[in-house]
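Have a look at the structure below before the remarks.
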Amino acid sequence: MKEIFKDSKQAFAYKSDGELRKAYWLFKMMNFNWLTSMGTHVVLAAMKLRLPIQGILKNTLYGQFVGGETLAETTPVAEKLAKYGVDVILDYGAEAKEGEANFNHAQAEFERVIAYASQHKSVPFISLKITALARFDLLEKLNDHITIDRGGIVVDTAVLSSQEKQEWENVCKRTFAICESAMKHYVGVLIDAEESWIQNTIDAITMLAMKAYNQNQVVVFNTIQLYRHDRLSFLKHSHDVAQRQNFLLGVKLVRGAYMEKERARAEQLNVLSPIQPNKPATDEDFNKAVEFCLIHTENISTVVATHNEASNLRAIDLLETEPDKVGQTFFSQLYGMSDNITFNLARYGFRVSKYLPYGTVGDVIPYLLRRAQENSSVAGQTGRELYLLGAEMKRRGL
Ligand SMILES: Cc1cc2nc3c(=O)[nH]c(=O)nc-3n(C[C@H](O)[C@H](O)[C@H](O)COP(=O)(O)OP(=O)(O)OC[C@H]3O[C@@H](n4cnc5c(N)ncnc54)[C@H](O)[C@@H]3O)c2cc1C
74 MKEIFKDSKQ AFAYKSDGEL RKAYWLFKMM NFNWLTSMGT HVVLAAMKLR LPIQGILKNT
134 LYGQFVGGET LAETTPVAEK LAKYGVDVIL DYGAEAKEGE ANFNHAQAEF ERVIAYASQH
194 KSVPFISLKI TALARFDLLE KLNDHITIDR GGIVVDTAVL SSQEKQEWEN VCKRTFAICE
254 SAMKHYVGVL IDAEESWIQN TIDAITMLAM KAYNQNQVVV FNTIQLYRHD RLSFLKHSHD
314 VAQRQNFLLG VKLVRGAYME KERARAEQLN VLSPIQPNKP ATDEDFNKAV EFCLIHTENI
374 STVVATHNEA SNLRAIDLLE TEPDKVGQTF FSQLYGMSDN ITFNLARYGF RVSKYLPYGT
434 VGDVIPYLLR RAQENSSVAG QTGRELYLLG AEMKRRGL
């Protein structure tokens with residue numbers, strides 16, 4: 074099994090020669106750190122000045138990492154992936170548009186995505202960001218007033234004004250309506266993890282939704298960011314709470330996407346950084362989390378969401394010895410990244426999906442910039458993509 078991710082033919086079978094060349098060129102560009110960081114500044118400035126950069130983005134980052142502008146536009150992408158046994162997690166990409174009208178609009182869109190997913194066998198999950206339904210500052214205000222323990226999950230709203238209490242009630246109603254619709258349609262909801270200073274609130278609302286809807290099946294999943302040094306114990310604690318409170322636990326395991334921001338904030342506030350001291354510590358906790366979840370498959374459903382080959386191998390090693398656990402363990406990578414992992418996992422019969430965002434170019438810019446930065450700052454990641462794309466081009470004689 075060790076060699077399974079090296080098969081570039083399987084990895085890129087779904088790409089035409091032209092698409093392969095384009096992907097190679099794009100990763101080559103992102104490999105230049107200075108270019109990515111300059112590009113990020115240019116994009117942000119151009120957006121402020123309302124310069125027409127959308128066309129350039131659409132032909133580059135957008136095409137690589139996004140499924141389309143509308144739900145309908147994602148259909149051919151999902152159909153293509155399904156031919157290779159790869160599912161899709163639909164992600165409505167509008168981030169951080171504040172205001173009650175926008176939050177209500179987002180709720181309606183998430184419900185539309187659920188209805189769509191229920192009609193498409195290869196879309197078992199949708200992803201949901203609580204900040205698409207709630208004001209960031211409201212989540213932050215509640216963050217130190219959360220209790221998650223064996224006795225229950227409590228959000229103490231005493232700190233809120235009466236208007237804010239109403240806002241919070243609306244957030245809960247939106248989240249619960251989405252999860253209820255998902256339960257009725259047999260679609261899973263993966264709730265994203267975000268910045269640590271709003272994450273307690275996100276954990277609380279997610280666990281309350283799990284308690285309500287994860288009774289007989291796992292509908293709602295929380296996300297555990299193992300780049301935080303406190304999250305392995307939080308995972309174990311969540312399992313304990315779920316047992317005591319009689320619900321099934323759903324978890325998506327990730328390393329975490331906001332490392333620089335988290336470290337900068339901790340330094341600015343002169344507090345202990347929530348981030349692990351180094352990458353090996355993150356890797357160790359990620360793999361321990363995989364082991365913990367796969368030991369407890371009778372009451373935990375897991376999405377192993379990573380591009381890290383060693384962590385994926387760790388999970389499949391464990392599943393090889395207990396094949397009955399394969400059905401409730403899901404793997405996922407972002408659309409446009411690590412096709413060698415996704416398509417080779419699918420080939421060997423594992424349940425694997427691509428996280429596929431959709432939305433207008435303007436809506437998904439924060440997501441695209443995160444992808445560009447991730448692919449330029451993660452040591453080895455772009456090198457590996459380039460190597461595999463290059464190997465496949467060579468194999469095809471391009
Ligand atoms: C399907 C899917 C869903 C996702 N959902 C979320 C989400 O809800 N929330 C979220 O925050 N992220 C999410 N991510 C992104 C994820 O957290 C990572 O940023 C990304 O996947 C890279 O990590 P990796 O495990 O793939 O690979 P790797 O390349 O092995 O790891 C890179 C990651 O390691 C960590 N790291 C790097 N250097 C250090 C260091 N010096 N010290 C400590 N840690 C370090 C960082 O988290 C970095 O992103 C998701 C990813 C996927 C694939």
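Heads up, this note's numbering is the position in the sequence shown plus 73, with the first residue counted as 1. A virtual CB, placed ideally from N, CA and C, is assigned to each residue, including glycine. A quick note: this is a predicted structure, and the numbers were derived from the prediction, not measured.
- Coil, strand or helix - residue 81 by DSSP: Looking at residue 81 - three-state DSSP - the assignment turns out to be helix.
- Go to residue 318, then tell me how far its beta strand (DSSP E) extends in each direction, as first and last residue. Residue 318 -> no beta strand (DSSP E), and no H or E assigned at all.
- Query: Going by C-alpha distance, which of 98, 156, 118 is nearest residue 133?
  - Reply: 98
- Task: Taking residue 295 and residue 264 to be in contact with their CB atoms under 8 Å, please state how far apart those CB atoms are, rounded to whole angstroms.
- Result: 6 Å
- Query: Hey, how far is the Cα of residue 123 from the Cα of residue 232?
  - Reply: 39 Å
- Integer Cβ distance of residue 293 from residue 282, believed to fall under 8 Å: 5 Å
- Task: Pick out the complete beta strand (DSSP E) segments inside the stretch 311-364, 3 residues or longer, and give them in chain order.
- Result: 322-327
- With DSSP as the reference, please indicate the residues paired to residue 221 in a beta bridge. 226
- What alpha helix (DSSP H) runs, 4 residues minimum, are completely inside the stretch 402-445? For the stretch 402-445, whole alpha helix (DSSP H) runs of length 4 or above, ordered along the chain, are 412-420.
- Quick one: which unbroken beta strand (DSSP E) runs of 3-plus residues sit fully inside the stretch 243-281? Chain order, please. 261-264
- Query: residue 176 CB to nearest chain C CB: under 7 Å?
  - Reply: In summary, chain C is missing from the structure at hand, where a single protein chain is found.
- Query: Going by other Cβ atoms of all chains shown within 10 Å of its Cβ, with 16 needed for buried, is residue 380 buried or exposed?
  - Reply: Classification for residue 380: buried.
- Message: Checking the sheet assignment: what are the DSSP bridge partners for residue 94?
- Response: Answer by DSSP bridge pairing: none, since residue 94 is not bridged.
- Message: So, for residue 345: in the same chain, excluding its five sequence neighbours on each side, which residues have a beta-carbon less than 8 Å away from its beta-carbon?
- Response: If we look at residue 345 and ignore the five residues flanking it on each side, its Cβ neighbours are 339.
- Give a single yes or no on whether residue 387 has its beta carbon closer than 6 Å to a heavy atom of ligand 1. no
- Thinking C-beta only, is residue 405 closer than 7 Å to residue 374? no
- Task: Determine which residues share a DSSP beta bridge with residue 488 and list them.
- Result: Shown here, the chain extends from 74 to 471; a query on residue 488 therefore has no answer.
- Query: Hey, residue 258 and residue 191: beta-carbon distance below 7 Å or not?
  - Reply: yes
- Taking the Cβ atom as the reference point for each residue, do residue 407 and residue 362 lie within a distance shorter than 7 Å? Taking 7 Å as the cut-off, the beta carbon of residue 407 is found no closer than this to the beta carbon of residue 362.
- Item | Counterpart residues of residue 164 in DSSP-defined beta bridges | According to DSSP, residue 164 bridges with 200, 430.
- Item | Close Cβ partners of residue 218 (< 8 Å) along its chain, the five nearest in sequence each way excluded | 228, 229, 230, 231, 232
- Query: Cβ of residue 431 within 7 Å of Cβ of residue 136?
  - Reply: no
- Query: CB of residue 381 to nearest heavy atom of ligand 1: below 6 Å?
  - Reply: yes
- Task: Report the three-state DSSP secondary structure of residue 373 (helix, strand or coil).
- Result: strand
- Message: Please report the distance separating the alpha-carbon of residue 366 from that of residue 378.
- Response: Spanning the two alpha carbons is a distance of roughly 13 Å.
- Please indicate yes or no: does the CB of residue 346 lie closer than 6 Å to some heavy atom of ligand 1? no
- Query: Per DSSP, what kind of secondary structure is residue 301 in: helix, strand or coil?
  - Reply: The answer is strand: DSSP assigns residue 301 an E or B state.
- Range of the contiguous alpha helix (DSSP H) that encloses residue 149: Residue 149 -> alpha helix (DSSP H) spans 144-155.
- Item | Chain-order list of residues whose beta-carbon lies under 6 Å from that of residue 226 (same chain, five-residue window excluded) | 277, 280, 281
- Item | Cβ-heavy atom distance, residue 352 to ligand 1, below 6 Å | yes
- Assuming residue 240 contacts residue 208 under a Cβ cut-off of 8 Å, what Cβ separation, rounded to an integer in Å, is found between them? 7 Å
- Distance CB(residue 318)-CB(residue 352) smaller than 7 Å: Contact flag unset, no.
- Determine the extent of the alpha helix (DSSP H) in which residue 178 is found, giving its start and end residues. 173-192
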